[in-house]
Amino acid sequence: MNQLDVMIAAHDLRRSFGNKLAVDRLSLTVRRGEIVGLLGPNGAGKTTTIRLLTGQLAPSAGSATVAGCDLVNDRARLKTQIGVVFEDQNLYERLSVWHNLDFSCRLYGLASSRIDEVLDLVGLRARARDSVRIFSTGMKQRLLIARALLHRPAVLFLDEPSRGLDPIAARHVRQTIAQLCQAGTTVLLTTHLMEEAEQLCQRVAFIVDGRIVADDAPRALQLAHGKRELAVTVDADQHAHDYVGGPGATTVHTLHIDDPADQARLTHWMAQGQVRAIHSREATLEEVFIAIAGVRLAEEQ
Numbered sequence: 007m008n009q010l011d012v013m014i015a016a017h018d019l020r021r022s023f024g025n026k027l028a029v030d031r032l033s034l035t036v037r038r039g040e041i042v043g044l045l046g047p048n049g050a051g052k053t054t055t056i057r058l059l060t061g062q063l064a065p066s067a068g069s070a071t072v073a074g075c076d077l078v079n080d081r082a083r084l085k086t087q088i089g090v091v092f093e094d095q096n097l098y099e100r101l102s103v104w105h106n107l108d109f110s111c112r113l114y115g116l117a118s119s120r121i122d123e124v125l126d127l128v129g130l131r132a133r134a135r136d137s138v139r140i141f142s143t144g145m146k147q148r149l150l151i152a153r154a155l156l157h158r159p160a161v162l163f164l165d166e167p168s169r170g171l172d173p174i175a176a177r178h179v180r181q182t183i184a185q186l187c188q189a190g191t192t193v194l195l196t197t198h199l200m201e202e203a204e205q206l207c208q209r210v211a212f213i214v215d216g217r218i219v220a221d222d223a224p225r226a227l228q229l230a231h232g233k234r235e236l237a238v239t240v241d242a243d244q245h246a247h248d249y250v251g252g253p254g255a256t257t258v259h260t261l262h263i264d265d266p267a268d269q270a271r272l273t274h275w276m277a278q279g280q281v282r283a284i285h286s287r288e289a290t291l292e293e294v295f296i297a298i299a300g301v302r303l304a305e306e307q
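Just add 6 to wherever you are in the sequence shown, counting from 1, and you've got the numbering used here.
Below, the structure written as structure tokens:
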């Protein structure tokens with residue numbers, strides 16, 4: 007792999023808080039333009055990992071570079087290369103959208119001409135003069151993303167970007183993240199929402215007790231751990247002894263893909279024109295996580 011394409015490279019990162027090991031020998035590589043999700047239950051080490059990779063915490067051991075910046079020795083330059091959105095929505099609610107962003111521009115020596123550009127990216131330019139206090143939670147989340155993009159960061163870190171959002175607001179936030187990826191921004195996000203990971207992430211890393219226990223594309227994980235079965239809906243056999251139901255009645259059969267007898271049954275039904283629908287019974291991403299990690303994503307630890 008070309009090292010210029012590696013935007014996050016962590017090797018055996020550790021972080022302890024007293025006797026508790028929050029991050030334990032964590033290694034992770036993220037390429038330029040990727041969206042990678044850290045998936046795990048509460049307390050698994052997701053937020054601590056983000057705080058390490060953004061220079062807010064010093065590692066107890068191990069090393070990492072982000073956008074070519076060493077976490078320990080190059081923290082000042084690291085801040086210019088990353089954008090961070092944590093779960094807390096720390097906005098100035100009495101100010102307008104534009105003035106919130108203008109304050110950040112003045113604080114970090116950025117041109118205010120950038121404000122309209124980032125508001126276009128998150129779809130809020132028409133609301134630039136509105137007070138933030140009238141915004142929904144989802145709109146505030148998009149404003150936080152806009153603020154994190156003011157200085158054109160190479161890597162964007164998002165901690166639970168859809169937590170507490172209604173489905174429509176969450177969809178807007180995910181669309182914004184996908185557009186950033188298409189424009190070349192690298193994104194590392196934490197989430198315990200399977201839908202979010204499946205829709206957004208090219209790769210997911212399962213983290214449990216501070217360790218990454220799996221790291222692959224969502225589809226690859228589902229295929230590797232799923233059942234090779236089909237759910238086949240067919241017209242009910244009206245000559246069967248136990249037939250019940252009227253015209254249009256159907257039955258659903260579970261067929262094993264590798265079973266010759268089931269293959270023959272499916273061939274017969276298709277030849278007779280009885281098949282109404284066929285669905286694969288692949289594992290959901292949450293089922294894969296439970297199989298690998300032994301816990302549910304929503305569990306407290």
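Using N, Cα and C, we set each Cβ at its ideal position, and we do this for glycine too.
Inset, instruction - State the DSSP-derived secondary structure class of L236, mapped to helix, strand or coil. - result: As a working note, residue 236 is residue 230 in the sequence shown. Looking at L236 - three-state DSSP - the assignment turns out to be strand.
Legend entry - Residues of its chain near E202, where Cβ-Cβ distance is below 6 Å and the 5 sequence neighbours each way are ignored: The sequence position of residue 202 within the sequence shown is 196, counting from 1. Cβ neighbours of E202 beyond the five flanking positions: S168.
Legend entry - the stretch 36-55 in contact with the stretch 178-189 per 3-pair CB rule at 8 Å: yes
Inset, instruction - Return the first residue and the last residue of the beta strand (DSSP E) that G279 is part of. - result: Translated into the one-based positions of the sequence shown, residue 279 becomes position 273. Segment: none, G279 is in no beta strand (DSSP E) and carries neither H nor E.
Legend entry - Reference F23, options R31, S66, L34, H285, closest by Cα: Residue numbering aside, residue 23 sits at position 17 when the sequence shown is read from its first letter. F23 has its Cα closest to that of S66, out of R31, S66, L34, H285.
Inset, instruction - State the beta-bridge partners of T71 as determined by DSSP. - result: Counted from its first residue, the sequence shown places residue 71 at position 65. For T71, which the question treats as bridged, DSSP gives the partners A15, D76.
Legend entry - Spatially closest choice to L77 from I298, S137, R20, by CA coordinates: In the sequence shown, residue 77 corresponds to position 71, counting from 1. Taking only the C-alpha atoms, the option nearest L77 is R20.
Inset, instruction - Enumerate in chain order the residues of its own chain whose CB-to-CB distance from Q228 is below 8 Å, with the five nearest sequence positions on each side excluded. - result: Counted from its first residue, the sequence shown places residue 228 at position 222. Only E288, A289, T290, L291, V294 meet the Cβ criterion.
Inset, instruction - Assuming V193 and L156 form a contact by the criterion Cβ under 8 Å, report the distance between their Cβ atoms to the nearest whole angstrom. - result: Start at 1 with the first residue of the sequence shown, and residue 193 comes out as number 187. Start at 1 with the first residue of the sequence shown, and residue 156 comes out as number 150. Contact doesn't hold; Cβ gap of about 16 Å is too wide.
Inset, instruction - Taking all protein chains shown into account, decide if L84 is buried (16 or more other Cβ within 10 angstroms of its Cβ) or exposed. - result: Within the sequence shown, residue 84 is the residue found at index 78, counting from 1. Classification for L84: buried.
Inset, instruction - Please look up how many angstroms separate the CB atoms of A242 and A255, rounded, as I've assumed it's under 8 Å. - result: On the sequence shown, residue 242 is found 236 positions in, with the first residue counted as 1. On the sequence shown, residue 255 is found 249 positions in, with the first residue counted as 1. Contact flag correct, Cβ pair sits at about 4 Å.
Legend entry - Close beta carbons around G51, own chain, < 6 Å, minus the five adjacent residues each side: Your numbering for residue 51 matches position 45 in the sequence shown. So the list reads A28, V29, I213, G216, once near-sequence residues are dropped.
Inset, instruction - With DSSP collapsed to three states, give me the class of R209. - result: For this step, residue 209 is matched to residue 203 along the sequence shown. Strand, per DSSP.
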